[in-house]
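Please read the structure below before turning to the comments.
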Amino acid sequence: MILKIITSNPGKVEEFRRALGGLGIDTEHVRLPYDEVQTSDLEEVVRKGMEEIRSRGIRDFIIDDSGLFVDSLRGFPGVWSAYAQKTIGNRGILRLLEGETDRRGRFGCCIGCDIGGETIIVMGISEGSILHEERGLGGFGFDPIFSHDGVSSFAELSPEEKDAVSHRGNAVRLLREELAKRLLV
Ligand code: ITT
Numbered sequence: 003m004i005l006k007i008i009t010s011n012p013g014k015v016e017e018f019r020r021a022l023g024g025l026g027i028d029t030e031h032v033r034l035p036y037d038e039v040q041t042s043d044l045e046e047v048v049r050k051g052m053e054e055i056r057s058r059g060i061r062d063f064i065i066d067d068s069g070l071f072v073d074s075l076r077g078f079p080g081v082w083s084a085y086a087q088k089t090i091g092n093r094g095i096l097r098l099l100e101g102e103t104d105r106r107g108r109f110g111c112c113i114g115c116d117i118g119g120e121t122i123i124v125m126g127i128s129e130g131s132i133l134h135e136e137r138g139l140g141g142f143g144f145d146p147i148f149s150h151d152g153v154s155s156f157a158e159l160s161p162e163e164k165d166a167v168s169h170r171g172n173a174v175r176l177l178r179e180e181l182a183k184r185l186l187v
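Going by the numbering used here, the final residue of the sequence shown carries number 187, and the count climbs one at a time with no gaps.
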């Protein structure tokens with residue numbers, strides 16, 4: 003079986019490929035723009051995105067909506083993370099937090115998977131904090147400014163170390179379990 007990974011973000015594709023290895027599933031990266039509804043809920047974005055993709059007759063795919071939620075910014079950038087990343091970037095987020103002592107935040111990741119027309123939705127969270135400067139060269143997006151342990155940024159971790167504690171890693175482990183159940187029957 004071939005599972006299409008529908009995303010414009012190659013960083014996500016790498017993480018999915020690592021996490022879904024060994025299940026006997028082949029993956030294919032597909033860039034297929036779909037509407038991301040304006041809502042404050044990652045799961046709603048995913049459900050609406052899945053409907054739209056299915057309405058084009060496409061089956062056997064995964065999509066992922068994720069975001070960084072910063073407590074002292076009342077959850078911003080959250081579902082607007084992609085827009086914030088493209089416009090103000092990591093430096094803009096750091097500027098918004100200048101002088102702020104409450105640096106708590108979390109990454110959320112919602113994955114929607116269609117397998118033969120059946121829906122699987124899983125969520126993963128990674129709690130942590132926003133660093134005071136960008137650090138590290140790995141990963142993508144907000145990885146240089148996010149730390150799960152207050153010491154290393156996600157961009158300083160090896161890919162496997164990030165998978166072990168990240169929002170996407172947590173979500174994909176749940177997806178793996180669900181896929182494994184279905185592939186065994
Ligand atoms: P899609 O085509 O899959 O939507 P995207 O990059 O636009 O790709 P999102 O809409 O889910 O993804 O936006 C999430 C934003 O948060 C985006 O800027 C990502 O770079 C960033 N992000 C998501 N997961 C991340 C991670 O694991 N580490 C760092 N930044 C992440």
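Beta carbons: idealized from backbone N, C-alpha and C, even for Gly.
Just so it is clear, the structure is predicted and the values come from calculations on it, not from any experiment.
Rounded straight-line distance, which links the Cα of leucine 185 to that of serine 57: Along the sequence shown, one-based indexing puts residue 57 at 55. Along the sequence shown, one-based indexing puts residue 185 at 183. Going from the Cα of serine 57 to the Cα of leucine 185 covers about 25 Å.
Contact test: cysteine 111 Cβ vs the ligand ITT heavy atom, cutoff 8 Å: The count along the sequence shown starts at 1 and reaches residue 111 at position 109. Answer for cysteine 111: yes, Cβ within range of the ligand ITT.
Glutamate 53: CB within 8 Å of a non-hydrogen atom of the ligand ITT: Walking along the sequence shown from the start, residue 53 turns up at place 51. No, since every heavy atom of the ligand ITT falls outside the 8 Å radius drawn around the Cβ of glutamate 53.
Chain-ordered list of residues that sit, by beta carbon, closer than 5 Å to a heavy atom of the ligand ITT: Thr9, Ser10, Asn11, Asp67, Ser68, Ser83, Ala84, Gln87, Gly143, Phe144 and Asp145
CB contact flag (arginine 108, phenylalanine 144, <9 Å): As a first step, residue 108 must be located in the sequence shown, where it is residue number 106. As a first step, residue 144 must be located in the sequence shown, where it is residue number 142. Their beta carbons are not under 9 Å apart, which means arginine 108 does not touch phenylalanine 144 by this criterion.
C-alpha gap between leucine 44 and arginine 20, whole angstroms: Position 42 of the sequence shown, counting from 1, holds the residue named residue 44. Position 18 of the sequence shown, counting from 1, holds the residue named residue 20. C-alpha separation (whole angstroms): 23 Å.
Glycine 13 - DSSP class collapsed to helix/strand/coil: For the purposes of this step, residue 13 is taken as residue 11 along the sequence shown, with counting starting at 1. Looking at glycine 13 - three-state DSSP - the assignment turns out to be helix.
DSSP bridge partner residues for glutamate 45 (one or two, in chain order): Here the question's residue 45 lines up with position 43 in the sequence shown. BP columns for glutamate 45 are empty, so no partner.
Beta-carbon proximity of glutamate 30 to isoleucine 7, cut-off 9 Å: Along the sequence shown, read from residue 1 onward, the residue named residue 30 stands at position 28. Along the sequence shown, read from residue 1 onward, the residue named residue 7 stands at position 5. Yes; because the gap between Cβ atoms is below 9 Å, this pair is in contact.
Close Cβ partners of aspartate 62 (< 8 Å) along its chain, the five nearest in sequence each way excluded: By one-based count along the sequence shown, residue 62 stands at place 60. Here the set comprises Met3, Ile4, Leu5, Lys6, Asp116, Ile117 and Gly118.
Helix, strand or coil at serine 131 according to DSSP, with G and I counted as helix: Here residue 131 refers to the residue found at position 129 of the sequence shown. Of the three classes helix, strand and coil, the one that applies to serine 131 here is strand, per DSSP.
Contact under 9 Å by Cβ, isoleucine 122 with asparagine 172: Along the sequence shown, read from residue 1 onward, the residue named residue 122 stands at position 120. Along the sequence shown, read from residue 1 onward, the residue named residue 172 stands at position 170. No, they are not a contact pair.
Backbone CA spacing between proline 79 and serine 155 [nearest angstrom]: By one-based count along the sequence shown, residue 79 stands at place 77. By one-based count along the sequence shown, residue 155 stands at place 153. In a straight line, the C-alpha of proline 79 is about 18 Å away from that of serine 155.
C-beta atoms of leucine 98 and leucine 75 nearer than 9 Å: Counting from one through the sequence shown, the residue named residue 98 turns up at place 96. Counting from one through the sequence shown, the residue named residue 75 turns up at place 73. Contact: yes.
Continuous alpha helix (DSSP H) assignments of at least 4 residues falling wholly in the region 58 to 145: 83 to 89 and 91 to 98
Cβ-Cβ distance between arginine 105 and serine 83 below 9 Å: Position 103 of the sequence shown holds residue 105. Position 81 of the sequence shown holds residue 83. Taking 9 Å as the Cβ cut-off, arginine 105 and serine 83 do not qualify as a contacting pair.
8 Å CB neighbourhood of arginine 178 in its chain, flanking five on each side removed: By 1-based counting over the sequence shown, the position of residue 178 is 176. Around arginine 178: Ala21, Leu22 and Leu25.
8 Å contact criterion, which aspartate 67 and lysine 14 should meet: CB distance rounded: Along the sequence shown, read from residue 1 onward, the residue named residue 67 stands at position 65. Along the sequence shown, read from residue 1 onward, the residue named residue 14 stands at position 12. Not confirmed; about 10 Å, so no contact.
Isoleucine 27 in three-state terms, based on DSSP: Within the sequence shown, numbered from 1, the residue matching residue 27 stands at position 25. Here isoleucine 27 sits in coil by DSSP.
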